[in-house]
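Protein chains: 2
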Amino acid sequence: MISPVTPEGTTGRLRRDAERNRDRILAAARRLFAETGQAVTHNEVARAADVGVGTVYRRFPERADLMLALFEDQLEQVGALAEAALAEPDPWSALRDFFVQVVDLQAADRGLREFMLGPDGRARAGEATERIAPVVGELLRRAQERGQVRPEVTTTDLALIPVMVAAVTERARDVAPGVWRRVLGLALDGLRPTGEPLPGRPLAPAEFDRVISTPRRPA
Amino acid sequence: MISPVTPEGTTGRLRRDAERNRDRILAAARRLFAETGQAVTHNEVARAADVGVGTVYRRFPERADLMLALFEDQLEQVGALAEAALAEPDPWSALRDFFVQVVDLQAADRGLREFMLGPDGRARAGEATERIAPVVGELLRRAQERGQVRPEVTTTDLALIPVMVAAVTERARDVAPGVWRRVLGLALDGLRPTGEPLPGRPLAPAEFDRVISTPRRPA
DNA sequence: GACGAAGCGGACAGCCTGATCCGCTTCGCC
DNA sequence: GGCGAAGCGGATCAGGCTGTCCGCTTCGTC
Numbered sequence: 053m054i055s056p057v058t059p060e061g062t063t064g065r066l067r068r069d070a071e072r073n074r075d076r077i078l079a080a081a082r083r084l085f086a087e088t089g090q091a092v093t094h095n096e097v098a099r100a101a102d103v104g105v106g107t108v109y110r111r112f113p114e115r116a117d118l119m120l121a122l123f124e125d126q127l128e129q130v131g132a133l134a135e136a137a138l139a140e141p142d143p144w145s146a147l148r149d150f151f152v153q154v155v156d157l158q159a160a161d162r163g164l165r166e167f168m169l170g171p172d173g174r175a176r177a178g179e180a181t182e183r184i185a186p187v188v189g190e191l192l193r194r195a196q197e198r199g200q201v202r203p204e205v206t207t208t209d210l211a212l213i214p215v216m217v218a219a220v221t222e223r224a225r226d227v228a229p230g231v232w233r234r235v236l237g238l239a240l241d242g243l244r245p246t247g248e249p250l251p252g253r254p255l256a257p258a259e260f261d262r263v264i265s266t267p268r269r270p271a
Numbered sequence: 053m054i055s056p057v058t059p060e061g062t063t064g065r066l067r068r069d070a071e072r073n074r075d076r077i078l079a080a081a082r083r084l085f086a087e088t089g090q091a092v093t094h095n096e097v098a099r100a101a102d103v104g105v106g107t108v109y110r111r112f113p114e115r116a117d118l119m120l121a122l123f124e125d126q127l128e129q130v131g132a133l134a135e136a137a138l139a140e141p142d143p144w145s146a147l148r149d150f151f152v153q154v155v156d157l158q159a160a161d162r163g164l165r166e167f168m169l170g171p172d173g174r175a176r177a178g179e180a181t182e183r184i185a186p187v188v189g190e191l192l193r194r195a196q197e198r199g200q201v202r203p204e205v206t207t208t209d210l211a212l213i214p215v216m217v218a219a220v221t222e223r224a225r226d227v228a229p230g231v232w233r234r235v236l237g238l239a240l241d242g243l244r245p246t247g248e249p250l251p252g253r254p255l256a257p258a259e260f261d262r263v264i265s266t267p268r269r270p271a
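In structure tokens form, the structure reads like this:
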């Protein structure tokens, strides 16, 4: 593992050629990640960016470094959406629209989806989550106060919804890229009050963290 | 790719030692698949069964052959559950309980889950699906007739529910193996009538087939 | 324009995986 | 018990991925 380097401010200034390569890498990676997601290798990025493997490794020692660099602004965008939602007068609409907007972003970019819903995002984008989580909590509280959402629903329940929808988006991407709207609608409507409570118990926040942090493959 | 062989009746009789090995392979594979799913390799199965790799390849040229041999009876069981559901007087309970039972089976066995919801299952277990699909269709029809389920829901909408829930089950398996009940409950409640229709359009059956048949990784 | 440092590229070593192949063993039968 | 066929095992090959390393190039500065 090569040790350091990534952003602009951290390690002095990059030489002009290095800067140029960094940009080419990011551009190539953005393209590849959007369609192929996590599975992209350093070698592929290097080839697509027309750059040596070493260069990619030097600049972004781990894939997560690359993803963070790519997705910083999208995360920013999600944060902004969340805060904007607080202004919406009807809590249910606010909550619903927020989820639709977030899932829409995720649907368009496989890399973003995997980053936000996977271990890398958790580990590296703590800042963004700390910004978003309390807002969603507040929206939920308001909606429940008005009886728009079943009272036993928790924020961890909400947080699982994008995970569920992503599974469908993932599979359907080539066939029907729009289904996510429908299944998201289904899941969201499941939040509305019915006579009876949901079965089982919700995840504790710490449990949710572990769920998200579990790498996909290994047993 | 070695060409033939798998079941008992197809290729004459197996020699006694071959039969014994086949059983050891299946036993080992059952154990491995339950916890690790698709990711299990022929080599691992061979090692666990204490048998040469060649033997596994000879008997089960593709992983799907192995899975079909393993999961035949579970599929049978699902078929039976479906048919039993037809007898239940209340259509909504019938539908809900059927899904709970199926997802419960899937939650207990990663291999079964991936087989039923993935390309292999589609390709090889056509018989079972042909048995199950019409029953679910009938349950849905009845439930809608009584206004227990929103009228715009289709069987393909229903079929996506296990896909969504499986994503959560998969991730949560070590942390909270029971969450599936809760998220399944959420999704099922989304089927109940609300004032407004679901957004978007449902998958056509042929589209659903393609969605399910898309292999997981490749771009 | 010259020199030291920063950066580059890509060959390569190490590791893992999937799949094949063929000399040897075991079985079933006469 | 002997013989042909069926079956076995695992060494082995091809191919892919990660990550490193070092001789060469390019940059920036004086």
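As given, the protein sequences belong to chains V and S, one line each in that order. All residue numbers for the first sequence refer to the numbering used here, where the first residue is 53 and numbers rise by one. All residue numbers for the second sequence refer to the numbering used here, where the first residue is 53 and numbers rise by one. Note that the Cβ used here is the ideal one computed from N, Cα and C, for glycine as well.
Chain S contact residues for residue i, given Cβ-Cβ distances below 7 Å
{"i": "A224(V)", "result": "V263"}
Residue from the options with nearest C-alpha to residue i
{"i": "W144(V)", "options": "G189(V), T93(V), R183(V)", "result": "G189(V)"}
{"i": "G163(S)", "options": "D102(S), R198(S), A116(S), R193(S)", "result": "A116(S)"}
{"i": "E197(S)", "options": "P254(S), R244(S), P267(S)", "result": "R244(S)"}
{"i": "W228(V)", "options": "V201(S), P229(S), A211(S), A256(S)", "result": "Looking at the sequence provided, one finds Ala at residue 228(V) rather than Trp. Per the Cα distances, A256(S)."}
{"i": "P141(S)", "options": "R194(S), V187(S), H94(S), A180(S)", "result": "R194(S)"}
{"i": "R111(S)", "options": "A100(S), P251(S), H94(S), Q158(S)", "result": "H94(S)"}
{"i": "E204(V)", "options": "R174(V), P186(V), G230(V), E248(V)", "result": "E248(V)"}
{"i": "V201(V)", "options": "V235(V), G178(V), A239(V)", "result": "A239(V)"}
{"i": "V105(S)", "options": "R76(S), L120(S), E87(S)", "result": "R76(S)"}
{"i": "V103(V)", "options": "G237(V), D69(V), E128(V), D156(V)", "result": "D69(V)"}
{"i": "T266(S)", "options": "A224(V), T88(V), A100(V)", "result": "A224(V)"}
{"i": "T208(V)", "options": "R234(S), A132(S), A81(S)", "result": "R234(S)"}
{"i": "F260(V)", "options": "T206(V), A79(V), E166(V)", "result": "T206(V)"}
{"i": "F151(V)", "options": "L118(V), E222(V), G173(V), G237(V)", "result": "G237(V)"}
{"i": "G199(S)", "options": "T246(S), T181(S), E222(S)", "result": "T246(S)"}
{"i": "D149(S)", "options": "A175(S), L192(S), R74(S)", "result": "L192(S)"}
Beta carbon proximity, residue i to chain V, threshold 8 Å
{"i": "L250(S)", "result": "yes"}
{"i": "E60(S)", "result": "Because E60(S) carries a pLDDT of 40, less than 50, the predicted location of this residue cannot be relied on, and the following value inherits that uncertainty. Not one chain V Cβ lies under 8 Å of E60(S)."}
{"i": "L212(S)", "result": "yes"}
{"i": "V57(S)", "result": "With a pLDDT of only 39 at V57(S), under the threshold of 50, the placement of this residue in the model should not be trusted; the figure read from the coordinates follows. No, V57(S) does not count as interfacial toward chain V."}
{"i": "T63(S)", "result": "A caution first: T63(S) carries a pLDDT of 47, below 50, which makes its placement in the model too unreliable to give a value."}
Contacts that residue i makes with chain V (C-beta to C-beta distance below 8 Å)
{"i": "R234(S)", "result": "D209, L250, P251, G252, R253, P254"}
{"i": "M216(S)", "result": "M216, V217, A219, V220, V235, A239"}
{"i": "E135(S)", "result": "The premise fails here: E135(S) is roughly 25 Å from chain V at the closest Cβ pair, so nothing lies under 8 Å."}
{"i": "T93(S)", "result": "Result: empty, since nearest Cβ-Cβ is about 12 Å, beyond 8 Å."}
Proximity test, Cβ basis, 8 Å: residue i and chain S
{"i": "E96(V)", "result": "no"}
{"i": "E166(V)", "result": "no"}
{"i": "G230(V)", "result": "yes"}
{"i": "V227(V)", "result": "yes"}
{"i": "E259(V)", "result": "yes"}
{"i": "G131(V)", "result": "no"}
{"i": "R148(V)", "result": "no"}
{"i": "T266(V)", "result": "yes"}
Whole-Å CB distance - residue i paired with residue j, under 8 Å assumed
{"i": "L147(S)", "j": "P214(S)", "result": "L147(S) to P214(S), Cβ: 13 Å. No contact."}
{"i": "G252(S)", "j": "G242(V)", "result": "About 16 Å; that fails the 8 Å criterion."}
{"i": "I184(V)", "j": "V130(V)", "result": "6 Å"}
{"i": "W232(V)", "j": "A160(V)", "result": "Contact flag wrong, Cβ pair sits at about 10 Å."}
{"i": "A219(S)", "j": "A137(V)", "result": "Wrong, their Cβ atoms sit about 25 Å apart, outside the cutoff."}
{"i": "L46(V)", "j": "A81(V)", "result": "Nothing can be reported for residue 46(V), as the shown portion of chain V is limited to 53 through 271."}
{"i": "L122(S)", "j": "Q153(S)", "result": "Actually they do not touch by this definition, with Cβ atoms about 20 Å apart."}
{"i": "E166(V)", "j": "G89(V)", "result": "5 Å"}
Under 8 Å from the C-beta of residue i: neighbouring residues of chain S
{"i": "T107(V)", "result": "Chain S residues near T107(V): none, gap ~23 Å exceeds 8 Å."}
The region 237–249 of chain S: positions lying closer than 8 Å to chain V by Cβ: G237, L238, A239, L240, D241, G242, L243, R244, T246
Interface residues of the region 161–186 of chain V facing chain S [CB-CB below 7 Å]: none
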